[in-house]
Amino acid sequence: MEALAISLIKAVPFLGAVPVWAVALVLMVAVAAVVLAFALTFEGVGSLVLRKVAGDIQVRIGPNRVGPNGVLQFLADGVKLILKEDLTPASADRPLFKMAPYFVFVGSFAGFVVVPFGVGLIAADLNIGVYYVMAVSSLVVIGILLAGWSSNNKWALLGGMRGAAQIISYEIPVGLALIPAVMIAGSLSLQDIVRSQGGLWGIFGWNLFHNPFTFFSFFLYFTAAQAETNQTPFDLPEAESELVSGYNVEYSGIRFGYFFLAEFGDMFVVAALTTALFLGGWNIPFFHAETLPWIWGNLLSLGVFLGKAFTIVLIMMWVRWTLPRIRVDQLMRLSWKYLIPLTFFNLLGVSLWLLVFNGKGIPAMIASLFG
Amino acid sequence: MGLKEYLNDIVEAVVTTAKGMRITARYGLDPKEETTLQYPEERWELPERYRGFLHNDINTCISCNMCVKTCPMDCISLEAVRGADKKMVLASYDINIGRCMYCGLCVEVCPPKSLKHSLGYEMASVNREQLILRFVQEDASEVKARVARQVAEAAAKAESPAAGKPAPPAKGETKE
């Protein structure tokens, strides 16, 4: 961000007198505002698309009253959430109760910081990007546990406890499933990982097709991430048929809105990570995005990235409306007995592959075979 | 749990998930399969013999009281007086549709087939009074008074055949 500020000061003459830190601060706020605007728009439209997809899959229509074909439904929902009374139960732990939604929202929104939207479109290209996302998404656990505990409600408490157990259990397979991509790129920075999947092979540069182990790793990550974001086959923290609404049962108005936004924010972060780590990120097939003119390179790569990420989001919704919720013991068994051993096995496989074939993937080998 | 079952579990999970997703994709992509009916704008096509609200055609009703007697819920109340031409004239014919259980017995017994189920089914109301269907628009006492006058006039006419004019005022009253 500071490099950008210095180049801006050099480019615009009347900014010369302004200190660098001030320009950098303004830039940071502006970038945060743009990313937040994107996140909120995605969350609004995402909720509408989710309901429409649910309608299609369940052979009904879905929201169709607000605006043409229901496209303004998310605005109506948002206005409703803002205008509703923000209730606090009399026996709740007030400060914790009021704080919890912010933890959840911050935990989900902070993940957007390292999402590589395009060649140069990233809020902060941290050199520990993958690690950072894993770390901040754990903040959600604190929020969910706080919300469940402070509500002083048995459903909320059960939901919060389940949420904590589930998210902590599934963080391990998520982390282990991400490591193959990190090992291939040799870097934790998301931009470096995306760049490592570039090249003129088009889609065959993707980590997904690098070797059989990364291929499985993609599905393991997708499953574990679905659980980590509390999506439906694993939505035990908010299981509405048994826990009413889970950890957020006592929340109303804008505080409930924060939980709602966080859920969709998580969904996008997971989809973006899947895209960046396994599906080639913003790499445009058959082109070098970085050799294109700045504006075209960025626009095209943004389009490619969002296209892939939204496809992943759609698949997540599809899974969500297909599978029934599993039991708590099944959930734990899936994580500890199946996903974790399998991701370890995968990790071993990828390590051996990289050692034996000197870091080359199958498409690279086939390409070198034909010269 | 042996290794065979362990691997079997994994295969089964993958296969069943794929199967389920194929089914939901088929439903999701097929635009024709929509069972939702946008009710106020679209309506069901009702069967011919649908038992909706009862409707009595008071012009053909002979006030025989059969429907009142057969009704298990006592929801039909009927008042009739004998008119000048010896036929029964309905003074009031009310059906409390809030009590009706749509059994259709009254329709079965109706000799002139004047009582029928209509196709109506929409009658939300804020109080029970509005659920009483009144088929005779005039007040019952008014009808009784008018019929009594007609009977008296007919009797007077029978006594003195010279006076043949009293009918018109009575007819004017009916039109009101």
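Line by line, the protein sequences give chains R and Y.
Mapping the first sequence onto our numbering, position 364 (from 1) lands on 382, and the numbers just tick up by one.
Mapping the second sequence onto our numbering, position 69 (from 1) lands on 75, and the numbers just tick up by one.
In this text, a Cβ means the ideal position worked out from N, Cα and C, and glycines have one as well.
Residue pairing by DSSP puts A86(Y) in a beta bridge opposite L96(Y).
With fewer than 16 other beta carbons inside 10 angstroms of its own, W39(R) counts as exposed. Against chain R, the CB of G8(Y) has no partner CB under 8 Å away; the residue lies outside that interface.
Positions of the alpha helix (DSSP H) runs, each at least 4 residues long and wholly inside the region 108-169 of chain R, are given as 112-127, 147-155 and 157-168 in order along the chain. In this structure, the beta-carbon distance from G178(R) to G166(R) falls below 8 Å. Secondary structure note for N266(R): it is in no beta strand (DSSP E), with a DSSP letter that is neither H nor E. Listed by position along chain Y, the residues whose Cβ is nearer than 8 Å to that of L332(R) form an empty set, because the closest Cβ is around 10 Å away. Y99(Y) and D80(Y) have their alpha carbons spaced roughly 13 Å apart. Taking 8 Å as the CB threshold, Y33(Y) lines the interface with chain R. Contact note: I16(Y) reaches chain R through Y356 and L360, using a C-beta cutoff of 9 Å and chain order. Setting aside the 5 residues that flank it on each side, P198(R) is surrounded in the same chain by T232, S235 and V368, each with a C-beta closer than 6 Å to its C-beta; the list follows chain order. Fewer than three pairs of CB atoms, one per stretch, sit closer than 8 Å, so the region 62-75 of chain R makes no contact with the region 128-139 of chain R. Residue state for I29(Y) is assigned as helix, using DSSP reduced to three classes.
Using a Cβ distance threshold of 8 Å, L137(Y) and N62(Y) do not count as a contacting pair. Just so you know, the alpha carbons of A108(R) and D95(R) end up roughly 27 Å apart.
Scanning its chain for C-beta atoms nearer than 7 Å, with the 5 sequence neighbours on each side dropped, one finds around F274(R) the residues L99 and N266, in chain order.
Not flagged as an interface residue toward chain Y: W312(R), since no C-beta distance is shorter than 8 Å.
Straight through space, the alpha carbons of A385(R) and E281(R) are spaced by roughly 42 Å. The count of Cβ pairs closer than 8 Å, one atom from the region 255-272 of chain R and one from the region 173-190 of chain R, reaches three, so the stretches are in contact. What T23(Y) touches in chain R, judged by beta-carbon distance under 7 Å, is L341, going in chain order. Within chain Y, the residues whose beta carbon sits less than 8 Å from that of D74(R) are Y33, G34 and L35, listed in sequence order. Ranked by Cα distance from G62(R), the first of Q91(R), V53(R), P230(R) and D143(R) is Q91(R). Residue contact with chain R for G58(Y): absent (no Cβ-Cβ distance below 8 Å to any residue of chain R). By the rule that beta-carbons nearer than 8 Å mark a contact, T30(Y) touches chain R. For V71(R), at least one C-beta of chain Y is nearer than 8 Å to its own C-beta. The continuous beta strand (DSSP E) containing I138(Y) extends over residues I138 to R140. Contact between Y33(Y) and V77(R) holds, with the beta-carbon distance rounding to 6 Å and staying under 8 Å. In the three-state DSSP reduction, L60(Y) falls in the strand class (E or B). No Cβ-Cβ contact shorter than 8 Å links I333(R) with T42(Y). Closest option to Y56(Y), judged by alpha-carbon separation, among R28(Y), P117(Y), Y127(Y) and K10(Y): Y127(Y).
Taking C-beta atoms under 8 Å as the contact rule, Y149(R) and L206(R) qualify, at a distance of about 5 Å.
It is roughly 50 Å from the alpha-carbon of G104(Y) to the alpha-carbon of T23(Y). Per DSSP, the unbroken alpha helix (DSSP H) holding K75(Y) starts and ends at M72 to T76. Annotation for K102(R): no alpha helix (DSSP H) segment contains it, and DSSP assigns it neither H nor E. L121(Y): member of the beta strand (DSSP E) spanning L121 to H123, first to last residue.
Counting along the chain, the unbroken alpha helix (DSSP H) around A48(R) starts and ends at V38 to I75.
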